[in-house]
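Reading the sequence shown from the start, the letters are residues 3 to 189 in the numbering used here. Note that the Cβ used here is the ideal one computed from N, Cα and C, for glycine as well. The structure appears right after this line, and notes come after that.
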Amino acid sequence: RQTGDGRFLPGNLGNLGISRFTKAVLQFGEPLFVSGGIMAKILQTLNILVWGAPALILILGVGIFLTVRTGFAQFTLFPRAIQSFCAAFRRKKHTDDGVSPFQALCTALAATVGTGNLAGVAGAICLGGPGSIFWMWVCGLLGMATKFAEATLAVRYRQEKDGRYLGGPMYMIRQGIGNRFLAATYC
3 RQTGDGRFLP
13 GNLGNLGISR
23 FTKAVLQFGE
33 PLFVSGGIMA
43 KILQTLNILV
53 WGAPALILIL
63 GVGIFLTVRT
73 GFAQFTLFPR
83 AIQSFCAAFR
93 RKKHTDDGVS
103 PFQALCTALA
113 ATVGTGNLAG
123 VAGAICLGGP
133 GSIFWMWVCG
143 LLGMATKFAE
153 ATLAVRYRQE
163 KDGRYLGGPM
173 YMIRQGIGNR
183 FLAATYC
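Shown next as structure tokens:
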């Protein structure tokens with residue numbers, strides 16, 4: 003039975019062609035995704051745990067740790083990165099057996115900067131005001147060390163098979179940590 007506000011009340015649901023799980027949820031009497039519903043409460047709790055202060059501290063802490071551990075690579079290696087990038091444009095030869103530095107840069111940027119990042123900046127400025135720009139710069143500088151460490155590990159643990167390179171987080175977990183189950187779970 004359904005009430006006037008769209009809720010289903012316990013009763014005979016009959017053969018509506020819905021799963022037992024859906025029937026159990028509908029008989030529970032709470033709408034799932036409306037404000038105050040059981041699923042909304044669960045998602046709100048998970049949101050607080052995942053994106054609350056512990057996650058912020060963990061992200062900034064890892065960034066600070068990797069910045070110190072890599073010897074401030076985002077600052078010390080930046081001139082070399084610009085020099086290498088500009089040298090790629092001076093060389094005009096193209097080979098079919100590998101990826102050019104420019105192709106690697108474009109691929110890395112495409113994988114890193116997405117629509118969510120662009121919309122996130124606009125949302126942060128709208129909600130946090132001009133002060134949020136400073137913290138985005140700080141997090142961006144610390145994030146460079148994280149990205150540097152990620153790229154270094156990706157190159158270290160990639161495998162060559164039939165003249166092509168295979169890699170990614172699964173290979174880093176399997177070979178770096180040595181945990182095949184965790185690597186398979188990541189997929």
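Separation of residue j from residue i, as counted between CA atoms
i	j	result
C1	A124	With the chain running from 3 to 189 in the structure shown, residue 1 is simply not present.
N17	N49	With a pLDDT of only 49 at N17, under 50, the local geometry of the prediction cannot be trusted, and no value is derived from it.
P56	M41	23 angstroms
L107	G39	45 angstroms
I44	V157	39 angstroms
G180	G170	14 angstroms
A182	Y173	What sits at residue 182 in the sequence shown is Arg, not Ala. Answer to the nearest angstrom: the Cα atoms are 9 angstroms apart.
L79	Q105	20 angstroms
A186	P132	43 angstroms
Y167	Q161	6 angstroms
Residue j beta carbon less than 8 angstroms from that of residue i
i	j	result
Q177	Y188	no
L195	I66	What the structure shows of the chain is the stretch from 3 to 189, and residue 195 is not part of that stretch, so it cannot be assessed.
Q76	F136	no
G153	T72	In the sequence as displayed, the identity of residue 153 is Ala instead of Gly. Result no, Cβ atoms of A153 and T72 do not sit closer than 8 angstroms.
R62	C128	Residue 62 is actually Leu in this sequence, not Arg. No, these two residues do not count as a Cβ contact at 8 angstroms.
A90	S102	yes
S134	A121	no
Residue environment, residue i, which counts as buried when at least 16 other CB atoms sit within 10 Å
i	result
T117	exposed
L184	exposed
L68	buried
L11	Any reading at L11 is ruled out, since the residue's pLDDT is 49, under 50, leaving its predicted position unreliable.
I84	exposed
N14	For N14, the predicted model reports a pLDDT of 49, less than 50, meaning its position is unreliable and no value from the coordinates is stated.
I59	exposed
Checklist entry - What are the uninterrupted segments assigned as beta strand (DSSP E) that are 3 or more residues long and contained completely in the segment 129-168, given in chain order? => result 161-163 and 166-168
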